[in-house]
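Report on the following structure.
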Amino acid sequence: MLPKVDNEKKQEILFQLLLGSPNHLTFKWDLNPLHDVTSRRDYKEKYYDRLLPLGLKYTELLPWGGKLTSESIKFFSPIVIWTKFSSSNSKHEDLYSAFMEYYKAWLELMEQAVEDTDPSQITCNLEAQHRYLTWRAEKDPGHGVLKRLIGEKLAKDLLRDFLFSGIDELGSKTFLDYFPEYSIKDGTINEKRSIIGKGFENRPWDKNGEFIGNDLRN
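Under the working numbering, the first residue of the sequence shown carries the number 53, and numbering increases by one thereafter.
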């Protein structure tokens, strides 16, 4: 769900869902931050501190699903649900409950949103959203699955023009403008999902929503 991007509060919500085999499911749901909650403490405190009890509730019911790269983790919030499990009725009920509560929280934030009027803040918000869409269109974990199903070109078109549409409208910067560390000698993009090579096998936030990833090993 991608609300109007000039509004800081409206734009922080996005539900993400990844499906595995019928008997083994992978889910990633979040109220995605528009800005990095690690470097922007004011942003985290303003929007996420009050949502931490919701995140903690489902941290217990839906444990962390394994390694996420350090590059991708900065696009998630402290209340992200990232989980893998074998299909069961009880887990389906937990997921449905999580979906409804996160969706309710999203609606409440939408209702309380006040539109930004500061041109510099609007520009900042637009660039943050463009950076996120550019990342997802290039490094989305579902790219490999789509490529096998429909081919490379159609997979890229689907990611860029449908799933993460708005790249061409929101800005002109390229993936390498935002993430130059992925450039290789011939000027193309490194296909690796992680350049740093660090991943988080465990949830990299504590119960207070503080990032503790720097203290965790791969």
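Quick reminder that beta carbons are idealized off the backbone N, C-alpha and C, glycines included.
Owing to the predicted nature of the structure, the values given are computational and were not obtained by experimental measurement.
Apart from sequence neighbours up to five positions away, the residues of its chain that approach Thr90 with a beta-carbon distance below 7 Å are Lys126, Phe263, ordered along the chain. Scanning its chain for C-beta atoms nearer than 7 Å, with the 5 sequence neighbours on each side dropped, one finds around Pro256 the residues Ile125, Phe263, Ile264, Gly265, Leu268, in chain order.
Beta-bridge analysis with DSSP links Lys136 to Thr78. Within 10 angstroms of the beta-carbon of Asp220 lie fewer than 16 other beta-carbons, which makes it exposed.
Boundaries of the alpha helix (DSSP H) around Lys156: 141-164.
Under the DSSP assignment, Leu104 falls in the alpha helix (DSSP H) whose first and last residues are 104-113.
Put simply, of Gly196, Leu222, Lys191, Leu210 the residue whose alpha carbon is nearest the alpha carbon of Glu179 is Leu222. Gln181 and Gly203 have their alpha carbons spaced roughly 27 Å apart. In terms of Cα proximity to Leu104, the closest of Arg93, Val132, Leu215 is Val132.
When Leu147, Leu215, Trp81, Trp134 are compared, the shortest CA-CA separation from Glu253 is found for Trp134. In this structure the stretch 152-164 does not lie against the stretch 191-210, because fewer than three pairs of beta carbons, one per stretch, are closer than 8 Å.
One Cα belongs to Asn260, the other to Pro130, and the distance between them is close to 9 Å. Listed as beta-bridge partners of Leu178 by DSSP are no residues whatsoever. A straight-line Cα-Cα distance of about 23 Å links Asp168 and Asp82. In this structure, the CA atom of Leu206 is about 19 Å from the CA atom of Phe227. The stretch 95-104 makes no contact with the stretch 135-150: fewer than 3 CB pairs, one atom from each, lie closer than 8 Å. Straight-line spacing of the CA atoms in Leu185 and Phe128 works out to 13 Å.
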